[in-house]
Amino acid sequence: METKKASGKTTIIFIFICAKCTNLKNILKKTRKYAILSHRITFDQDKSKRGISYMSNSGMTTIEVKRINRSKVYQMIYEKHSISKQELSQELHMGLTTVSQNLKALEEDGWIHRTGYYESTGGRKAQAIEIVPNARIAIGAFILKRSILLVAVDLYGNVIEQKMVAENFSATELYYQFLGKEIMRFANHIESNPDKISGVGIAIQGVLSPDRSKIQYGKLLQHTTGLNISDLTRYIPYPCFTEHDSKAAAFAEIWSQPQLSDAVVFLLNKNLGSALVIHGEVHQGKSMHSGTIEHMCIIPDGKPCYCGGRGCLEAYCSAESLQNQIQGRSFEDFFHSVRKNELQSKAIWEEYLSKLADAIRNVNTVIDSDVILSGFLVPYFTEADLKFLKQKITALPFFAERDITILLGKHGEFAPAIGAALPFVKNTVEGI
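With the numbering used here applied, the sequence shown covers 765 to 1196.
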């Protein structure tokens, strides 16, 4: 094909190669100058204007086209969970031969497998094709003051196994060695082939620097402000990614509820956390401080907060603040008494919910979105609690007509560990 320009017009000359013109075809092959011209045939109502409308000359090589086709085939199998070769061809508008070639390559590389047959519709039964979920495993670790929560997730983000390791945090070489050893032991227990571990995500209670190289603010873990992430991950023999615990939890929750575009996530753990989700992405902010609603002042000159302020939401709605009020009782015992309408316990819980409702209402004036409650306390919530929250939020006339949906998270206290692992899952799936 040759393109010439004259008088502001473009003339396209096509060279059609006959199947018998082997010499010319061989010459072209030797030059290795292949290009794919993406095109579309359009039909005007005026038949005299029929022609080919060319979208772009992408200049892709044959290898690039094969890679794109391979990715399309895998992504479609991933999305559908189970699909036949014929359905793949139809969905992707791709020839059966091309589909078959890609299926063979993906199967040989261990990314997909055939899991049986569909019911016959009259002809030969079609084989069901699915991805191999554990072709790669991602590890997540949530570092807390007195423990480490570990999870392993597959390519769908499903938890394969989770574990709690009791160990007090300290910014010391001894702790970093212990962390690396525990993660290696956990990973080897899940998958003996280290090449199948895509990486380790670490959720930590500290605000990271924009380049994620250090903790720029961290008072909860023995004043870790300034801690280099490279020190923390020194003994972990896999690619590592570090995220603030609340933002990691938010990522886990929107992964499980992809229909959500915008949301405010409250992490109801021992220490309260929060994050904003905008257009399906966790919002980081200019200096990584976006979404730290736990330090919103709800009671001027109220209870002291570890941030140095007073009256922060953290001081009233963290699991630790609730535990201080129930005077040594277990959460199971406390919530059992709440459900039995024991007056003192019910009053404590309703006060907690009222403060949380105040925060949700305040945030709703800035971002009108759904709300997700995540973390340790979520398993104790009931539909009656959600109804109570909505009644408190909409009690004021200005909020009476607001359509605020409050959803319960799906991962409990392990949400940050799961969310920290998921970027490796996302990168693996998108990179195939």
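Yeah, the Cβ is synthetic: ideal placement off N, Cα and C, and Gly gets one too. Owing to the predicted nature of the structure, the values given are computational and were not obtained by experimental measurement.
Going by C-alpha positions, Ala-1181 is about 48 Å away from Gly-887. Apart from sequence neighbours up to five positions away, the residues of its chain that approach Glu-931 with a beta-carbon distance below 7 Å are Ser-911, Ile-912, Phe-942, ordered along the chain. The C-alpha of Thr-885 lies about 14 Å from the C-alpha of Ala-892. For the pair Val-1041 and Val-1127, the CB atoms are not nearer than the 7 Å cut-off.
In the DSSP assignment, the residues bridged to Lys-927 are Leu-914. Using a Cβ distance threshold of 7 Å, Leu-1171 and Ile-1136 count as a contacting pair.
Per the DSSP secondary-structure output, Cys-1076 pairs in a beta bridge with Cys-1061.
Assignment of alpha helix (DSSP H) within the region 1125 to 1180, counting only whole runs of 4 or more residues, yields 1147 to 1157 in chain order.
Using a 10 angstroms sphere on the CB of His-1175, the tally of other CB atoms reaches 16 or more, which defines it as buried. By the Cβ test, the region 996 to 1005 is in contact with the region 959 to 974, since at least three Cβ pairs between them sit closer than 8 Å. Closest by C-alpha distance to Pro-897, out of Gln-1021, Asp-1065, Ser-1094, Ala-916, is Ala-916.
If you ignore the 5 residues before and after Gly-990, its C-beta comes within less than 8 Å of the C-beta of Lys-978, Ile-979, Gln-980, all in its own chain and listed in chain order. With a threshold of 16 other beta carbon atoms within 10 Å, Ile-827 falls short and is exposed. When secondary structure is reduced to three states using DSSP, Ile-841 falls in the helix class.
Per DSSP, the unbroken alpha helix (DSSP H) holding Phe-942 starts and ends at 937 to 954. Taken in chain order, the whole beta strand (DSSP E) runs of length 3 or more contained in the region 994 to 1060 are 1004 to 1008, 1027 to 1032, 1036 to 1042. For Thr-861, the uninterrupted alpha helix (DSSP H) run begins and ends at 860 to 872, by DSSP. By a beta-carbon distance limit of 8 Å, Ala-1184 contacts Ala-905. Their separation comes to about 7 Å.
When Cβ pairs closer than 8 Å are counted between the two stretches, the region 833 to 846 is seen to touch the region 862 to 870, the count reaching three or more. With the rule of 3 Cβ pairs closer than 8 Å, the region 1114 to 1122 counts as touching the region 1074 to 1088. Contact check for Ala-1179 against Ala-1039 fails: the beta carbons are separated by 7 Å or more. The secondary-structure analysis by DSSP pairs Gln-891 across a beta bridge with Tyr-881. Short of 8 Å from the beta carbon of Val-971, and not among the five residues preceding or following it, lie these beta carbons of its own chain, in chain order: Ile-979, Gln-980, Tyr-981, Gly-982, His-1008, Met-1052, His-1053, Thr-1056.
Judged by DSSP secondary structure, Gln-986 falls outside any beta strand (DSSP E); it is assigned neither H nor E. The bridge partners DSSP lists for Ile-827 come to none. Partner residues in the beta bridge of Gly-904, as assigned by DSSP, are Val-915, Gly-965. Contact annotation: Gly-944 and Ile-1000 have beta-carbon atoms nearer than 7 Å. Linking Leu-1141 to Met-948 through their CA atoms gives a straight-line distance of about 30 Å. Going by C-alpha positions, Gly-1075 is about 14 Å away from Leu-1036.
For Gln-926, the CB contacts under 8 Å within the same chain, skipping 5 residues up- and downstream, are Leu-913, Leu-914, Val-915, Ala-916, Phe-1178, Ala-1181 in chain order. Here Leu-972 is bridged, per DSSP, to Ile-979.
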